[in-house]
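Here is the structure we will look at, set down as structure tokens.
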Amino acid sequence: MGTRERPSLWGFSLFALTWQFCVWFGWGLVVLAVLNLRATDITVIGWPLVVVAGLAFLGELRPVIASNVYVGSGVAISTAFVFAALYLWGFTPAIALQATAILVGEIMNRKDVWRILFNVGQYVISIAAAWGVLVVAGVTTSAAAPRTEFHGTDAGWVLASWGAYHLVNLGLVAGTAASGGQTWWESFSDDFWYYTFSTLSVLAVSPFIVVMASQAWQFVPLLLLPLMAVYLTAAVSRDKERQALHDALTDLPNRTLLQQRVESALAGARRDGVGLGLILLDLDRFKEVNDTLGHPAGDALLEVVARRLVGAVRPGDTVARLGGDEFAVLLPDVDHPTDAIEVAGRIKQSLAEPFRLEGVLMDVDVSIGIALSPQHGDDVEVLMRRADVAMYVAKGEQTGIEVYDVARDPNSPTRLGTVTALREALDLGQLELHYQPKVNLVDGTVVGVEALVRWRHPERGLIPPDDFIPLAERTGLVHRITAFVVKAALDQVEEWWKQGVQIPVAVNVSMRDLQETDLAGLVAAELDAHHLPPSALVLELTESVLAQDPGRAVATLRELADLGVLSSLDDFGTGYSSLLLLERLPVAEIKIDRSFVRRLDEAGADPAMVRSIIGFAHGLGLSVVAEGVETSLAWKVLRDMDCDVAQGYRVARPMPADQATQWLVERVVRGPAERAGLRAVGGTDHIAR
Ligand code: C2E
Ligand code: MG
Ligand code: MG
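For what it's worth, the numbering used here labels the leading residue of the sequence shown as 12, then goes sequentially.
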């Protein structure tokens, strides 16, 4: 019985009723049989009973389980001997034999008490059904008057008794199908096709046992041979099926079996109104292991990973290998995303400890995607695809674990809607720039502004760049956005310069701009059109993407530097660029990411990291800007560490053009004495999140 849940003897579901029936009625029959059993029965029957009973016990230890998939009504070889006892001596000895054989077999196989209770009842009731057929057919037999031979006319009731046994047995097992996520009929018909042949093969031997036991009991053990043949055939077919459904290397369920399990878990979840989770994971840099240490090491790694995964989940969860370095985990009962995230965290943790391969310690990182049902879909295909999308997001953004999010699904209609909408937004002029000042940390003079793009959406209000720039980057739309931003920023700067605010504007460009377009050409043309010198523009690029294709990016940066346009390395400290790369890069400035700056505000924070970044940048002759300066404390600490420039809410929030103009004119033209950096300015940049 694949009983996941602890049965209740008081419930009234089909599951509970089947349980109660098997336990109360089945065990009632056992008690009756034992009370009816007389010592004389045993002595009357003699050797044949000893042999039949002995072989029944032996058979119980080796049930003919034709399949691992259909846990449940595996046919035991002992059934042939129990039926022989039924035909020979009648109901009482047969029941006593069946009950004790199962009891001994299950105890020796260390089965759960509940399961033993149920199984004894289940088989005893099935035998009782066969006995019922004999009673109806008017067949009488007992220890005192045993049946020792068969006639052609007996075939009818013999076959009918097998049928009754088989159908009742399957029916009772199907009554507990709910625990495996199936309906009664699904379970019954599945098992019917699966077990009918092997059950009948075993039962077919029973009349021969009867005849042999009465005429030459010494021959009875020989009948074990055909029974063993049935067992072996079933075992071979089970092995074949196992191979078809399991991964040869790790012995974990493969994609096919996972799909089957997800399907039945979905059916169960739908019926019980619970949710389920599907986790997909992919090892990062597995190819490196294969390439550097060879395939045997790669295989060894996968085996260890498989073991750790199994250790990290609960017993009811399914860990499967989908192929290559891709694994999946099915969580059959998840109500809240946090539950699945917690399991994903445990999985990540279990792989965090380095792996020892051929004497080398290897770190293996993993990207995990989670999809949940019913939120993200209620069929296998969709769930797998969505978990896959989430996994790629986790990999691409190096976040480790991601739950599926439509907004980041390249295939989702909503997202395609956004791409189209974004393209339209460009055409309709819905994108606008806000400006945030950068000020000198020592005297507060304004040294420039950064232009930050926003989307003024007719329904959703002001949308922040993080919500659409990544999408634009993936679709190539970012080139058009960059072209717009450069032009709009220079329009604004031209205006400011005319008003006497001669400061440069910094524009964020994406890596794709550096790699795929003639950015230098665009910049040169725009500067020309606005009659501005190259010093009016600064380009900011993020560090994290630089590592991907430094060659082309470096060439573009050189062209820009030759033009006289300075570049700045944004979000410094969050990416992977090596110090060597930084030395080669023609940048004039780095911007320390705000995650580092934020830590300066924490009590007892150790600013060593920020201090060394500053020292190191200065060593290369670069200017240092601190992003996200929100407090006076951070301001002071940064100034004491010789940081050059600050940008952040402490100075001003990003402001729309007119407000920024007012702010700048006040500080740069009218009152440079009122130092910008020494007063905090509340912003008006309200962004819809
Ligand atoms: P970034 O270039 O690092 O921009 C700084 C971000 O920090 C801005 O967020 C700004 O509003 C925010 N910020 C400034 N001061 C503070 C502070 O004191 N505390 C905190 N918590 N945050 C502060 P925003 O405007 O949402 O921009 C996010 C990112 O979007 C930018 O990060 C930039 O990478 C990207 N982005 C913005 N505009 C453009 C653009 O025109 N083109 C491209 N390709 N990317 C852009
Ligand atoms: Mg920036
Ligand atoms: Mg930044």
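C-beta atoms are modelled at their ideal positions from N, C-alpha and C, and glycine is treated no differently.
Model, not experiment: these values are computed from the prediction.
Helix, strand or coil at residue i according to DSSP, with G and I counted as helix
i	result
F36	helix
S153	coil
Y176	helix
L532	What sits at residue 532 in the sequence shown is Gly, not Leu. Helix at G532.
N519	strand
L288	Residue identity check: residue 288 is Gly in the sequence provided, not Leu. Correct three-state label for G288: strand.
A44	helix
V565	helix
L488	coil
I379	strand
S634	strand
T194	coil
D612	coil
A494	helix
L294	strand
For residue i, the first and last residue of its enclosing alpha helix (DSSP H)
i	result
D258	Segment: none, D258 is in no alpha helix (DSSP H) and carries neither H nor E.
A331	From DSSP, A331 is part of no alpha helix (DSSP H) but of the beta strand (DSSP E) over T329 to G334.
H387	No alpha helix (DSSP H) contains H387, which DSSP labels as neither H nor E.
E600	From DSSP, E600 is part of no alpha helix (DSSP H) but of the beta strand (DSSP E) over E600 to I603.
L649	S643 to D651
L304	F297 to L304
V216	Careful: V216 lies outside any alpha helix (DSSP H) and carries neither H nor E.
Q271	R266 to D283
K359	P348 to S361
E117	F102 to M119
Q670	A668 to L675
First and last residue of the uninterrupted beta strand (DSSP E) at residue i
i	result
M522	M522 -> not in any beta strand (DSSP E); alpha helix (DSSP H) instead, spanning M522 to E527.
F338	E337 to L342
D477	No beta strand (DSSP E) holds D477; DSSP gives it neither H nor E.
F583	L577 to F583
I88	Element bounds for I88: n/a, residue is neither H nor E.
H468	V457 to H468
P448	L442 to N451
F715	The displayed coordinates of the chain run from 12 to 700. Any statement about residue 715 would go beyond what the structure contains.
V414	I412 to V414
V549	L548 to T553
L28	It is not in any beta strand (DSSP E) - L28 instead sits in the alpha helix (DSSP H) that spans L25 to Q31.
L372	V371 to M373
Any non-hydrogen atom of ligand 5 closer than 6 Å to residue i Cβ
i	result
Y660	Looking for ligand 5 in the displayed structure turns up nothing; the ligands present are ligand 1, ligand 2 and ligand 3.
Whole-Å CB distance - residue i paired with residue j, under 8 Å assumed
i	j	result
A355	I412	5 Å
Q109	C33	Rounded, the Cβ-Cβ distance is 13 Å, inconsistent with contact.
V400	D374	That pair is no contact at about 26 Å.
I118	I127	7 Å
P59	A224	4 Å
A171	V144	5 Å
Proximity test, residue i beta-carbon vs ligand 2 heavy atom, cut-off 6 Å
i	result
D612	no
N519	yes
E551	yes
D374	no
D581	yes
Residue i CB to nearest heavy atom of ligand 1 below 6 Å
i	result
D477	yes
D502	no
G407	no
G584	no
L463	yes
E470	no
G487	no
G309	no
E443	no
Buried/exposed call for residue i, threshold 16 Cβ in 10 Å
i	result
D293	buried
T303	exposed
E16	Legend: pLDDT at E16 = 44, less than 50; position of this residue unreliable, no value from coordinates given.
A351	buried
G279	buried
E408	exposed
H347	exposed
K509	exposed
D328	buried
W168	buried
T29	buried
L99	buried
A141	buried
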